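> Quick note: the working numbering has the sequence shown finishing at residue 906, numbered continuously throughout.
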Amino acid sequence: MTARTTHLDAGVRTALRAVSAAAKKGLGDPGLAELVQIRASQLNHCAFCLDMHLSIARKDGVVGESQLDLLDAWEEAGDVFDARERAALELTEAVTLLTYGFVPDEVYGRAAKHFDEARLAHLVALITVINSWNRLMVGRRIPPGSTRW
Numbered sequence: 758m759t760a761r762t763t764h765l766d767a768g769v770r771t772a773l774r775a776v777s778a779a780a781k782k783g784l785g786d787p788g789l790a791e792l793v794q795i796r797a798s799q800l801n802h803c804a805f806c807l808d809m810h811l812s813i814a815r816k817d818g819v820v821g822e823s824q825l826d827l828l829d830a831w832e833e834a835g836d837v838f839d840a841r842e843r844a845a846l847e848l849t850e851a852v853t854l855l856t857y858g859f860v861p862d863e864v865y866g867r868a869a870k871h872f873d874e875a876r877l878a879h880l881v882a883l884i885t886v887i888n889s890w891n892r893l894m895v896g897r898r899i900p901p902g903s904t905r906w
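1. Compare the C-alpha of residue 778 against each of 767, 869, 791 and name the closest.
2. Should residue 812 be labelled buried (16 or more other beta-carbon atoms within 10 Å of its own) or exposed?
3. Taking DSSP as the reference, what is the three-state secondary structure of residue 817?
4. Taking only beta-carbon positions, decide if residue 835 is within less than 8 Å of chain B.
5. How about residue 865 and residue 848: are their beta carbons less than 8 Å apart?
6. Going by DSSP in three states, residue 788 sits in which element: helix, strand or coil?
7. Can you tell which of 780, 900, 891 has the C-alpha that lies nearest to the C-alpha of residue 800?
8. Pick from 901, 905, 885: whose alpha carbon is nearest that of residue 781?
9. Can you grab the Cα-Cα spacing for the pair residue 829 / residue 900, in whole Å?
10. By a C-beta neighbour count over all protein chains shown, 10 Å radius and 16 as the cutoff for buried, is residue 769 buried or exposed?
11. What is the DSSP secondary structure of residue 770, counted as helix, strand or coil?
12. Along the chain, where does the alpha helix (DSSP H) that runs through residue 761 open and close?
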């Protein structure tokens with residue numbers, strides 16, 4: 758696969774990186790941040806972001822291999838994911854797949870049981886920004902491992 762374009766305005770790149778960093782910092786859980794970003798990237802079929810975030814999760818050791826192996830089937834993975842992680846992954850899917858309209862109140866409510874208001878806001882911001890990155894990379898067909906994007 759060849760990229761359609763590798764041009765990305767430096768201001769856009771800087772702004773998205775800043776939102777990503779602020780959301781991750783505010784969430785305060787590097788492992789959960791990687792799980793959320795990987796799950797959204799799976800749903801959006803973004804090979805570039807999957808490659809990047811799987812590498813980060815493995816290199817930094819913030820996510821266990823069994824979680825990475827079973828993330829695509831997290832709902833069926835038993836106790837591999839705890840209730841907090843499940844709530845975050847469910848919210849990730851609801852925010853990423855807006856096919857049926859708004860994020861259901863029940864989904865948001867389940868997440869709110871595990872995160873205070875500030876961390877929940879950072880979680881939603883992280884989900885939103887990874888979806889933006891996914892769309893930028895998929896829309897331009899940036900291949901995994903590319904250093905020019």
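Even glycine gets a Cβ: it sits at the ideal position worked out from N, Cα and C. Here the structure is a predicted model, which means the values were calculated and not measured.
From the atom records:
1. That would be 791, whose Cα lies nearest to the Cα of residue 778.
2. That one is exposed.
3. Helix.
4. The structure shown contains no chain B; it holds only a single protein chain.
5. Result yes, Cβ atoms of residue 865 and residue 848 sit closer than 8 Å.
6. The answer is helix: DSSP assigns residue 788 an H, G or I state.
7. Residue 800 has its Cα closest to that of 891, out of 780, 900, 891.
8. The alpha carbon of residue 781 has as its nearest neighbour, out of 901, 905, 885, the alpha carbon of 885.
9. Straight across, the Cα-Cα distance linking residue 829 with residue 900 is about 21 Å.
10. The residue in question, residue 769, is exposed, as its Cβ has fewer than 16 Cβ neighbours within 10 Å.
11. In this structure, residue 770 counts as helix in the three-state DSSP scheme.
12. Run containing residue 761: none; DSSP gives neither H nor E here.
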